[in-house]
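Chemist: These protein sequences, in sequence, are chains A and B.
Under UniProt numbering, the first sequence is numbered contiguously, ending at residue 192.
Under UniProt numbering, the second sequence is numbered contiguously, ending at residue 192.
Once you've had a glance at the structure underneath, I'll fire off some questions.
Protein chains: 2
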Amino acid sequence: MGSTPLPSTRPTRADAARNYDLLVSAAREAFAEHGTDTSLEEIARRAGVGIGTLYRRFPNRTALLEAVYVDEIQSVCDRAYGFAERLEPFDALAAWLRSFVGYGISKKSLAVELTAALGKDSQFFQSCKVNVQEAGELLLSKAKAAGEVRPELELMDIMRLVGGITMGRDMEPDEANRLLDIVLCGLRPAAP
Amino acid sequence: MGSTPLPSTRPTRADAARNYDLLVSAAREAFAEHGTDTSLEEIARRAGVGIGTLYRRFPNRTALLEAVYVDEIQSVCDRAYGFAERLEPFDALAAWLRSFVGYGISKKSLAVELTAALGKDSQFFQSCKVNVQEAGELLLSKAKAAGEVRPELELMDIMRLVGGITMGRDMEPDEANRLLDIVLCGLRPAAP
DNA sequence: TGCTAAGCGGAGGGGGCCTCCGTATTGTAT
DNA sequence: ATACAATACGGAGGCCCCCTCCGCTTAGCA
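Right under this line is the structure:
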């Protein structure tokens, strides 16, 4: 009905961009210190920004998590390719899963959100899943080709299982590694 | 200082006992319908009881969980002995773990609380842990003796891993069973 | 029937989630 | 330099939850 006022989308306002960064930084710190269930009001307070501003930018906690962790999740995926180059097939897969577990522990409850999200349909998590899948599938298929992983296993099952490891709270790193070792044994083909 | 008025502890009053039962029933239903994070006020409402009454009886959510699930947890433990009698060592262990997973799925988030509690120090959960440990250890040691499980594995690690399976939300039963199969393979000794 | 320990229930303080809208700021057009 | 939208800000307020505290009620003994 009304005339489309300006077809060209205006660039983000300077103050908006500044506050966005402040919020993501504050959230990153707060999540690291107190876990991902820090109250959003606390985060707004830390960022020196009104709660309204936070909610305008990030409609819910998940949106904020996405912004905070997008880089790190990407880096987890990227690591897969390094392992694929430098290590033998099974070792590469094992190393990647181990780094996945280690990451999950250090970031506390992120792994919970993440693993739960492997079956969700948020925009972001979808594309995240694609990345993880691509990286993991590379490692898995190599390991299968080398005859070191049973061919019928599905990547997503493995990921879910590994993700579950970090979900029990307060997992010690060596504890988690023991659990992962059991899983890794479970991947190998039965003796002929 | 004052005279101990009545050394004999009076029996619980009838209304108190009645309300206790009402609360546990209401909680059981509510937990089944909406998961264990149903608000306690909602539960009191369902029970037709004041919130104060709930809190006097159950100082926190965990206490209520305990009351609701004590029977069922016991029955999970008991099942172990049945399996031990009727099945071959490894199959008995597998069956028990499978029933554990199945139980966890049906009761939604109870498994989360439970598995987390395997490393906690609440009175109740301690004794629960003892029961689980006793039952599980029986099955595990038989399976080890039969040479079907690697001897260095610890029950608690296995339980934690299996518990993790149900933690990802919305796990389909057959999905969960696939994950459990991986774990079960991981228990077996490597080929000689 | 009377009395008191035991039990009841809900108001209220603290806090988190999220929305809404009056006010302030930015950047562009004149 | 100035005016004026478009954009963004921020916090009050509604709603819900957790949990505590204490004046009122009731069961059950004597």
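A virtual CB, placed ideally from N, CA and C, is assigned to each residue, including glycine.
Classify N19/A as helix, strand or coil using the three-state DSSP reduction.
Modeler: N19/A falls in the helix class under three-state DSSP.
Chemist: Is any beta-carbon of chain A found at less than 8 angstroms from that of C185/B?
Modeler: Judged by the 8 angstroms Cβ criterion, C185/B is in contact with chain A.
Chemist: Between the beta-carbon of L161/A and the beta-carbon of I158/B, is there less than 8 angstroms?
Modeler: Not in contact: L161/A and I158/B (Cβ atoms no closer than 8 angstroms).
Chemist: Is L153/A close to chain B? Criterion is C-beta to C-beta, closer than 8 angstroms.
Modeler: Closer than 8 angstroms: yes.
Chemist: Is R178/A helix, strand or coil by DSSP?
Modeler: Helix at R178/A.
Chemist: In its own chain, which residues sit with a C-beta less than 6 angstroms from the C-beta of P5/A, not counting the 5 before and 5 after it?
Modeler: Reliability of the predicted coordinates at P5/A is poor, the pLDDT of 39 falling under 50, and the value obtained from them is presented with this limitation in mind. None.
Chemist: Can you pull the chain A residues whose beta carbon is under 9 angstroms from the beta carbon of R46/B, in chain order?
Modeler: Those within 9 angstroms of R46/B in chain A number zero; the least Cβ separation is about 27 angstroms.
Chemist: Within 8 angstroms of any Cβ in chain B, is that where the Cβ of L97/A sits?
Modeler: Not one chain B Cβ lies under 8 angstroms of L97/A.
Chemist: Between the alpha carbons of G82/A and L179/A, how many angstroms are there, rounded?
Modeler: C-alpha separation (whole angstroms): 24 angstroms.
Chemist: Only counting the same chain, and skipping five residues up and downstream in sequence, which positions put a Cβ closer than 6 angstroms to that of F58/A?
Modeler: So the qualifying residues of the chain are L64.
Chemist: With S75/A as the anchor, note down where its alpha helix (DSSP H) starts and where it stops.
Modeler: Counting along the chain, the alpha helix (DSSP H) containing S75/A begins and ends at 61-86.
Chemist: Could one say the Cβ of D37/A lies closer than 8 angstroms to chain B's Cβ atoms, at least one of them?
Modeler: D37/A does not count as touching chain B.
Chemist: Closer than 9 angstroms, Cβ to any Cβ of chain B: which residues of the UniProt domain "HTH tetR-type" (17-76) of chain A, in chain order?
Modeler: Answer in chain order: no residues at all.
Chemist: Which residue's Cα is closest to the Cα of P189/B: M171/B, K144/B, I43/B?
Modeler: Answer by Cα proximity: K144/B.
Chemist: Mind pulling the chain A residues with CB within less than 7 angstroms of L140/B?
Modeler: Within 7 angstroms Cβ-Cβ: nothing; L140/B doesn't reach chain A, min ~13 angstroms.
Chemist: According to DSSP, simplified to helix, strand and coil, what is E152/B?
Modeler: E152/B: coil per DSSP, three-state reduction.
Chemist: Since G164/A meets chain B, which of its residues come closer than 7 angstroms, beta carbon to beta carbon?
Modeler: Residues of chain B passing the Cβ test: G164, I165, M167, G168.
Chemist: Quick check: what's the CA-CA separation for M167/B versus V101/B?
Modeler: Approximately 10 angstroms between the Cα atoms of the pair.
Chemist: Buried or exposed for E172/A, going by 16 or more other Cβ atoms inside 10 Å?
Modeler: With fewer than 16 other Cβ atoms within 10 Å, it is exposed.
Chemist: Output yes if chain B places a C-beta closer than 8 angstroms to the C-beta of residue 194/A; else output no.
Modeler: This structure cannot settle anything about residue 194/A, because the visible part of chain A is limited to 1 through 192.
Chemist: Where does the unbroken alpha helix (DSSP H) through E42/B begin, and where does it stop?
Modeler: From DSSP, the alpha helix (DSSP H) with E42/B extends over 40-47.
Chemist: So which residues on chain A does L179/B lean against when the C-beta distance must stay under 7 angstroms?
Modeler: Per Cβ cutoff of 7 angstroms: D157, R160, L161.
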